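Peer 1: Numbering (my numbering), first residue to last: 1 to 523. Note that the Cβ used here is the ideal one computed from N, Cα and C, for glycine as well. On a predicted model such as this, the values are computed, not experimentally measured, just so you know. Input: one structure, supplied below.
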Amino acid sequence: MTVEHQAPPGRHGRQTEPPHGGGGRRGDGGGRGKRRRPLRTALMVALALVVLGAAGLGWIYYRLNGNIDTFDAGGLSTNRPDAGSSKGENVLVIGSDARTNGNNALGGGQADDIGRSDTAFLLHVYADHKNAIAVSVPRDTLVTIPPCKLPDGTWTKARTRTQFNEAFSVGETAEGNPACTQNTVEKLTGLRVDHTVVVDFKGFASLTEVVGGVEVCLPQNIYQGDLNPHRATKGKLLFGKGEQKVSGQRALDYVRIRHGIGDGSDIGRIKRQQAFVGSLIKKVKSDGLTPGKLLPLAEAAKNSMTVDPSLGKADKLISFAMSLKDIDLHNTRFVTIPWRYDGARVAIVEPDASALWAALKADRTIDGKDAGGAKGTKTGAASASPSADGRVSGAGIAVSVFNGTTTGGLASTAAAMLTAHGFTVTGTANAGSQDHATTVVQYGPGRKGQAETVARLFPGARLQSLGAGRVNVVLGASYTGDPDPAAPAATSAAPASVPTSVADGSRTADADLCSDLSYGSGG
1 MTVEHQAPPG
11 RHGRQTEPPH
21 GGGGRRGDGG
31 GRGKRRRPLR
41 TALMVALALV
51 VLGAAGLGWI
61 YYRLNGNIDT
71 FDAGGLSTNR
81 PDAGSSKGEN
91 VLVIGSDART
101 NGNNALGGGQ
111 ADDIGRSDTA
121 FLLHVYADHK
131 NAIAVSVPRD
141 TLVTIPPCKL
151 PDGTWTKART
161 RTQFNEAFSV
171 GETAEGNPAC
181 TQNTVEKLTG
191 LRVDHTVVVD
201 FKGFASLTEV
211 VGGVEVCLPQ
221 NIYQGDLNPH
231 RATKGKLLFG
241 KGEQKVSGQR
251 ALDYVRIRHG
261 IGDGSDIGRI
271 KRQQAFVGSL
281 IKKVKSDGLT
291 PGKLLPLAEA
301 AKNSMTVDPS
311 LGKADKLISF
321 AMSLKDIDLH
331 NTRFVTIPWR
341 YDGARVAIVE
351 PDASALWAAL
361 KADRTIDGKD
371 AGGAKGTKTG
381 AASASPSADG
391 RVSGAGIAVS
401 VFNGTTTGGL
411 ASTAAAMLTA
421 HGFTVTGTAN
431 AGSQDHATTV
441 VQYGPGRKGQ
451 AETVARLFPG
461 ARLQSLGAGR
471 VNVVLGASYT
481 GDPDPAAPAA
491 TSAAPASVPT
501 SVADGSRTAD
511 ADLCSDLSYG
521 SGG
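Here is the structure:
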């Protein structure tokens with residue numbers, strides 16, 4: 001971001017989400033048939049990066065930098081949850097079964113087929129960076145898909161009671177629509193997604209080969225007909241019952257199996273996916289990470305991932321991965337969003353789902369522990385909580401306020417709040433652009449301490465140095481003009497806790513490999 005200068009208000013373009021067009025409809029969206037078999041394992045690639053460790057990072061940086069694919073963030077909603085909606089970080093990991101870039105050789109279908117996603121995990125990394133929880137959203141879950149951007153620049157209308165996996169296919173492009181899935185998750189959870197990672201077939205297969213295979217377990221023998229229910233015969237035996245090691249195509253086949261186990265449901269497959277991810281993380285940690293192992297892992301990640309622009313540089317990706325390296329296997333949990341069958345689809349169970357999101361916002365673990373960390377703030381965020389009485393002393397600090405959003409009046413609201421805390425507001429105006437997602441406090445030489453004080457009133461704000469001798473506040477969508485923090489706080493409610501229905505079905509990364517691998521009859 002460059003230095004913001006005052007500019008006459010009302011002269012800047014307004015970006016909105018007009019409900020133009022329908023767009024994105026895929027028939028029933030069920031993803032059935034040969035061409036729609038899901039990958040459902042993208043999370044393992046993201047979590048593998050977690051354990052990269054410190055050795056050889058310079059080498060990895062050199063090989064990764066400039067080669068990470070990013071998606072267009074212009075499709076993200078302008079009506080997003082606040083950046084400070086939770087203390088920890090939230091990472092959306094999408095498993096893409098797009099057939100581009102040679103992926104059709106592994107998954108079948110045409111190379112120019114529409115990009116689809118049948119896997120999604122919301123990974124919540126607690127602020128203490130010692131706990132993490134991955135929440136699976138079944139592909140058939142009925143949700144509201146909010147307005148999403150089409151390739152021609154128009155926006156769809158919101159659609160209710162629509163299968164979750166349809167969000168990725170809005171626009172019907174070969175590469176899919178990660179921004180639309182992110183919009184849908186934010187709408188569903190009320191949590192702001194800090195990062196989004198998309199992983200494809202080839203990346204998954206390569207990763208399992210790089211680590212030398214992953215230990216898995218099957219509750220029964222699996223035949224070709226279980227992988228492809230359209231076969232006229234049972235076919236050959238693919239996997240014998242019990243524990244075994246898989247990699248490459250066999251690993252891909254394993255994670256795609258749904259039929260022939262339990263009731264053949266997507267829910268049962270999610271259980272096996274979660275067991276697989278735990279086994280993968282355990283394998284990477286147990287092997288250690290010598291330089292000879294680091295580079296292949298980095299290459300596999302680079303060649304398989306598409307990320308949001310904030311992770312598009314190697315230093316950002318590595319920094320995020322390094323912030324997660326201390327999470328223990330037992331403190332890495334897998335759960336599924338509270339659900340029930342709604343005919344052939346999946347409905348979300350309330351109030352359990354809302355209680356789960358509230359627990360994540362409050363950084364409460366499965367067992368109710370407060371994992372908010374010593375400071376209770378996100379890594380890299382500039383802001384800290386105001387003092388116990390809600391006051392921040394701004395005496396002697398001059399600030400200019402710029403509105404970097406399309407919401408009118410925010411600069412005046414922020415200026416009034418700053419003035420109430422003793423700051424001197426030297427002026428308000430629109431910023432040079434109004435697409436700022438996060439509030440930024442800019443500071444000149446010798447003014448960092450002043451900027452940190454200002455940032456205490458803007459949860460989630462980030463600091464940025466500039467050459468001019470001043471302090472600027474550039475408001476982003478993370479600032480909503482909420483009431484003055486100095487006002488008396490409401491009586492605190494009881495700490496949020498994860499519902500028993502969710503906690504009882506959770507799985508740790510070090511759980512018994514052969515336990516809880518299916519759902520329904522025969523499970």
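Could you give the C-beta distance for residue 475 and residue 410, rounded to a whole number, given that I count them as a contact under 8 Å?
Peer 2: Rounded, the Cβ-Cβ distance is 5 Å, consistent with contact.
Peer 1: Going along the chain, which residues of its own chain have a beta-carbon closer than 7 Å to the beta-carbon of residue 519, five neighbours each way excluded?
Peer 2: 262, 263, 265, 267, 268, 271.
Peer 1: If we count Cβ pairs, one from each stretch, closer than 8 Å, do we get three or more for the segment 350 to 360 versus the segment 323 to 338?
Peer 2: Touching, yes.
Peer 1: Determine the direct distance from the alpha carbon of residue 279 to that of residue 138, and round the result to whole angstroms.
Peer 2: Approximately 21 Å, taken between the alpha carbons.
Peer 1: Just to confirm, is the Cβ distance from residue 320 to residue 178 under 7 Å?
Peer 2: No, the pair does not count as a contact, with Cβ atoms beyond the cut-off.
Peer 1: Restricting to Cα atoms, I'd like to know which of 93, 463, 250, 420 is closest to residue 394.
Peer 2: Comparing Cα-Cα distances from residue 394 to each of 93, 463, 250, 420, the minimum goes to 420.
Peer 1: Residue 348 bridges to which residues according to DSSP?
Peer 2: 339.
Peer 1: Near residue 80, which residues of its chain fall below 7 Å by C-beta distance, leaving aside the five closest residues on each side in sequence?
Peer 2: Once the five neighbours on either side are set aside, the close Cβ partners of residue 80 are 186, 192, 477.
Peer 1: Less than 6 Å between C-beta atoms, sequence neighbours within five positions excluded: which residues of the same chain meet that for residue 481?
Peer 2: Closer than 6 Å at the Cβ level, and outside the excluded window around residue 481, lie 410, 413.
Peer 1: CB-CB under 7 Å to residue 115, same chain, minus the five flanking residues each way: which ones, in chain order?
Peer 2: Same-chain partners within the cutoff: 96, 98, 168, 169, 173, 174, 175, 176.
Peer 1: Quick check: the Cα distance between residue 509 and residue 434, rounded to an integer number of angstroms?
Peer 2: Each residue's Cα considered, the two are about 43 Å apart.
Peer 1: Give every residue of the same chain whose Cβ lies closer than 7 Å to the Cβ of residue 562, excluding the five residues on either side of it in the sequence, and list them in chain order.
Peer 2: Given that the chain is displayed from residue 1 to residue 523, the structure contains no residue 562 and the question cannot be resolved.
Peer 1: Leaving aside the five residues before and after residue 388 along the sequence, list all residues of the same chain whose C-beta is less than 6 Å from its C-beta, in chain order.
Peer 2: Low confidence applies here, because residue 388 scores a pLDDT of 39, under 50, leaving its location unreliable; read the following figure in that light. Answer for residue 388: no residue qualifies.
Peer 1: Here's the rule I'm using: 16 or more other beta-carbon atoms within 10 Å means buried, otherwise exposed. How should residue 465 be labelled?
Peer 2: Exposed is the call here.
Peer 1: If you scan the segment 421 to 483 from start to end, which runs of the beta strand (DSSP E) of 3 or more residues do you find wholly inside it?
Peer 2: The qualifying runs are 424 to 430, 440 to 443, 462 to 465, 471 to 475.
Peer 1: With respect to the beta strand (DSSP E) encompassing residue 142, which residues constitute its N-terminal and C-terminal limits?
Peer 2: That run of the beta strand (DSSP E) goes 142 to 145.
Peer 1: Would the segment 240 to 253 count as touching the segment 83 to 90 if we require 3 or more Cβ pairs under 8 Å?
Peer 2: As far as the Cβ criterion goes, the segment 240 to 253 does not touch the segment 83 to 90, which means the pair count is below three.
Peer 1: Answer with buried or exposed for residue 221, where buried requires no fewer than 16 other C-beta atoms within 10 angstroms of its C-beta.
Peer 2: Looking at its Cβ environment, which holds fewer than 16 other Cβ atoms inside 10 Å, residue 221 is exposed.
Peer 1: Do the segment 500 to 517 and the segment 246 to 260 make contact, defined as three or more Cβ pairs closer than 8 Å?
Peer 2: Touching, no.
Peer 1: Quick check: what's the CA-CA separation for residue 127 versus residue 251?
Peer 2: Straight-line Cα distance between these residues: approximately 33 Å.
Peer 1: Closest to residue 206 by C-alpha separation, out of 305, 402, 443, 431, would be which residue?
Peer 2: Measuring from the Cα of residue 206, the nearest candidate turns out to be 305.
Peer 1: Residue 344: buried (16+ other C-beta within 10 angstroms of its C-beta) or exposed?
Peer 2: Burial call: exposed.
Peer 1: Nearest CA to the CA of residue 530: which residue from 437, 217, 141, 450?
Peer 2: Since the first and last residues shown for the chain are 1 and 523, residue 530 lies out of range.
Peer 1: Which residues does DSSP list as the beta-bridge partners of residue 124?
Peer 2: 90, 133.
Peer 1: Distance cutoff 7 Å, beta carbons only. Does residue 367 sit that close to anything in chain D?
Peer 2: The structure shown contains no chain D; it is built from a single protein chain.
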